[in-house]
Amino acid sequence: MGTVWRASDELLGRSVAVKELHVGDGTQSAGALREARTVAQIKHPHVVVVHDVVEQDGHPYIVMELVEGSSLADRLAADGPLDHGETARTGLALLGALSAAHARGVLHRDIKPANVLMEAGTGRVVLTDFGIARLAGSTTISETGAFIGSPEYTSPERMQGAAAGPASDLWSLGVLLCAALTGESPFHRDSLGGVLHAVVSAEIRPPAQAGPLLPLIQGLLERDPERRLGAAEAERLLSAYVTTGAVPLLDRPLGPNPTAGTATEAPTTPHPPGYSPTERVGRPGDRAPGPAGKFRPSVRLGLLAALVVAAVAGGVSAASLLGDRTDGRAQEPARSAPASPATASPTPASPATASPATDKAVAQSPAASPPAPGSAASAKPVPPGYRTVTDVQGFSLAVPKGFQRTTDDQRVFYVSEDGAIRIGIKVKPSAPGGPLAAMRLSDAEGPATNPGFRDHSVVATTHNGLPAALWEFTWDGFTRAEGARHTFDLCWDENGLLHDVWVSAPVSRLAEARSHFDAALDSFVPGGS
């Protein structure tokens with residue numbers, strides 16, 4: 001990496017930014033200079049300008065343009081998420097910058113909000129910090145073999161040790177677009193093991209705030225780089241949205257992953273089934289919901305997390321587990337499951353007091369064989385702190401230990417001991433229009449059933465390959481003392497039934513609610529499965 005100073009170019013009388021690269025011996029320094037000079041050849045209005053590359057006292061320095069402004073990370077922290085229009089314009093600018101770099105055979109490999117500058121006064125978006133960029137077939141500028149980068153924004157193939165290509169940068173761009181809309185990466189977790197599992201194998205659930213940009217984000221967050229949305233198609237979708245405010249359907253095959261030095265793709269592979277356009281229900285021009293609407297997928301313990309824990313306990317660095325290995329093939333990437341979201345939330349009811357559970361059975365489900373495509377497994381892993389309940393209505397799911405069962409008409413609730421967090425389930429016969437129509441109806445009735453109804457969105461999506469809809473909203477809550485509440489609600493159609501699973505919680509406990517929501521969806525097994 002390196003240290004950056006603000007400096008003055010006395011010859012030309014201008015302010016510049018000077019970055020000292022932190023490298024080891026002379027061989028690394030010489031290689032860094034060669035690669036930095038190659039990066040300097042990238043000419044694009046959205047790539048930071050490199051004026052010179054020099055060496056002094058054995059240390060390499062890069063002299064760059066000084067961009068007056070703040071990073072996207074600073075902007076998100078200060079002002080909250082971007083709206084869809086600004087997100088699309090930012091994505092289009094970065095896509096142009098990446099295409100220019102890829103045409104030179106340069107991979108950035110560290111696309112994240114902190115490396116995107118927003119120039120004050122002009123609004124120009126500038127991609128900077130190619131400090132760990134890599135030329136095709138070479139070592140990186142600032143490291144030799146060890147993993148350096150931001151795991152939350154790193155592609156699955158890099159996580160698994162495969163050689164990175166331009167498609168890896170496009171994955172990172174997709175993650176960045178999610179962060180722009182919500183304020184954080186959808187793969188953010190509290191531990192490195194959790195991040196690894198989320199990126200490599202957990203079900204990917206793009207945020208509801210993706211709205212009309214969901215087809216683009218789903219295409220970029222395809223785990224298989226050969227099936228990932230290519231630069232040309234991504235540019236087409238972003239340009240269409242910037243121009244018309246709508247994203248066209250992906251009604252033609254996706255292009256393959258381009259090789260280094262190529263910025264366009266030829267379509268070959270059909271898009272995954274269930275890929276559908278997104279719809280946001282709300283006022284035109286609404287800003288994407290702020291912290292109350294942030295998305296965080298599940299934190300499920302998997303093999304990678306266990307490996308990290310074991311390695312750290314044994315004195316092996318996590319970086320060694322993440323090293324870029326180019327001498328072997330990575331394992332087959334987990335296929336990206338179409339985004340699974342939440343559905344029409346029912347009308348609020350008074351918080352139920354905790355009562356003894358009436359579960360028909362409370363036990364860990366036995367190991368199950370792989371499910372058939374489009375169906376749920378008959379047994380799902382249970383995160384620590386949860387238990388599997390088989391409800392008297394036939395379905396099963398994981399709920400936090402201590403949550404108690406109660407009912408309200410046709411709805412089943414599992415409620416926290418303090419009554420603040422409620423996991424709801426409702427199963428009913430399928431209806432015309434499916435999950436999306438059901439969620440639209442609930443959203444339309446929202447103001448009448450949820451006082452202070454606001455920040456609402458309905459997204460058409462899929463869950464385990466099945467038609468689904470995600471509904472999110474905020475409302476004033478049950479009591480003034482408790483304050484506003486937020487609901488995550490997913491509805492999907494399976495076996496002729498609409499399954500509706502939601503979590504409602506005070507906005508002050510959203511992180512906890514997200515975890516419960518993800519655990520419920522990840523573990524849910526319909527009755528009769």
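Per my numbering, residue 1 is the first one in the sequence shown, and the count goes up by one each step. C-beta atoms are modelled at their ideal positions from N, C-alpha and C, and glycine is treated no differently.
Contact check, residue i vs residue j under 8 Å by CB: the rounded distance?
i: V47; j: L127; result: 5 Å
i: R514; j: F488; result: 7 Å
i: E482; j: P506; result: 6 Å
i: L397; j: S523; result: 5 Å
i: G58; j: E119; result: Wrong, their Cβ atoms sit about 34 Å apart, outside the cutoff.
i: A496; j: P429; result: Reading the sequence as shown, one finds Gly at residue 496 and not Ala. Confirmed, Cβ separation roughly 7 Å.
i: D443; j: V459; result: At roughly 11 Å, the Cβ-Cβ gap does not stay under 8 Å, so D443 and V459 are not in contact.
i: V39; j: L117; result: Wrong, their Cβ atoms sit about 16 Å apart, outside the cutoff.
i: P532; j: L192; result: Given a span of 1 to 529 for the chain in the structure shown, any question on residue 532 remains unanswerable.
i: G123; j: H44; result: In fact, because the Cβ distance is near 16 Å, the residues do not count as touching under 8 Å.
i: R109; j: A162; result: Their Cβ separation, rounded to whole angstroms, is 13 Å, which puts R109 and A162 out of contact at 8 Å.
i: V125; j: A78; result: So it is not a contact: roughly 17 Å between Cβ atoms.
Under 6 Å Cβ to Cβ from residue i, same chain only, skipping five residues before and after it: list those, please.
i: E82; result: Reading off the sequence shown, one finds Leu at residue 82, where the question assumed Glu. Result list for L82: A180, in chain order.
i: S3; result: Note that residue 3 is Thr in the sequence shown, not Ser. Closer than 6 Å at the Cβ level, and outside the excluded window around T3, lie E20.
i: A73; result: P113, A114
i: P156; result: V199, V200, R223, P333
i: W492; result: P435, H463, L466, A468, H499
i: G174; result: I217, L220, L221
i: Y61; result: V18, E20, V54
i: R6; result: none
i: G91; result: L177, L238
i: L11; result: none
i: A520; result: L397, I423, V501
i: Q56; result: none
Give the range of the alpha helix (DSSP H) segment to which residue i is assigned.
i: A100; result: 84-103
i: R75; result: 72-79
i: Q218; result: 214-220
i: E417; result: E417 -> no alpha helix (DSSP H), and no H or E assigned at all.
i: V242; result: 231-244
i: E68; result: Neither: E68 is in no alpha helix (DSSP H) and is coded neither H nor E.
i: E10; result: Unbroken run through E10: none, as it is neither H nor E.
i: L510; result: 510-523
i: R158; result: 156-159
With a threshold of 8 Å on Cβ separation, who are the neighbours of residue i within its own chain once the five nearest residues in sequence on each side are excluded?
i: P248; result: R236, L237, A240
i: L417; result: Reading off the sequence, residue 417 comes out as Glu, not Leu. A354, G402, F403, Q404, listed in sequence order.
i: A420; result: P351, E482, A505, P506, R509
i: P526; result: A376, G394, F395, V427, E494, N495, L497, H499
i: T407; result: F413
Residue range of the beta strand (DSSP E) that residue i falls in?
i: G193; result: Run containing G193: none in the beta strand (DSSP E); it sits in the alpha helix (DSSP H), 192-200.
i: S504; result: 497-506
i: D52; result: 50-56
i: D493; result: 485-494
i: L470; result: 466-475
i: P166; result: Here P166 belongs to no beta strand (DSSP E); instead the alpha helix (DSSP H) covers 166-182.
i: R387; result: 386-390
i: R14; result: 14-21
i: E65; result: 59-65
i: E119; result: 116-119
i: V125; result: 125-127
I'd like the list of long-range same chain contacts for residue i, defined as Cβ closer than 7 Å, with 5 residues on each side in sequence excluded.
i: M64; result: V16, A17, K19, V48, V49, V50, H51
i: T87; result: L177, A180, L181, L213
i: I42; result: A100, A101, R104, V106
i: D476; result: P451, G452, A484
i: H516; result: P400, I421, I423, V503
i: V309; result: Bear in mind that the predicted position of V309 carries a pLDDT of just 38, short of 50, making it too unreliable to give a figure here.
Does the ligand NAP have a heavy atom nearer than 7 Å to the CB of residue i?
i: P151; result: Looking at this structure, you won't find the ligand NAP or any other ligand, since it has none at all.
On the three-pair Cβ rule with 8 Å, is the stretch 170-184 touching the stretch 197-210?
-> yes
Is the stretch 435-453 in contact with the stretch 181-194, if contact means three or more CB pairs nearer than 8 Å?
-> no
The stretch 494-513 contacting the stretch 421-431, beta-carbon criterion three pairs below 8 Å | yes
Report yes or no: do three or more beta-carbon pairs, one from the stretch 399-415 and one from the stretch 468-477, lie closer than 8 Å?
-> no
Do the stretch 220-237 and the stretch 155-171 make contact, defined as three or more Cβ pairs closer than 8 Å?
-> yes
Contained alpha helix (DSSP H) runs [length at least 4] in the stretch 393-457, N- to C-terminal order | 434-444, 446-449
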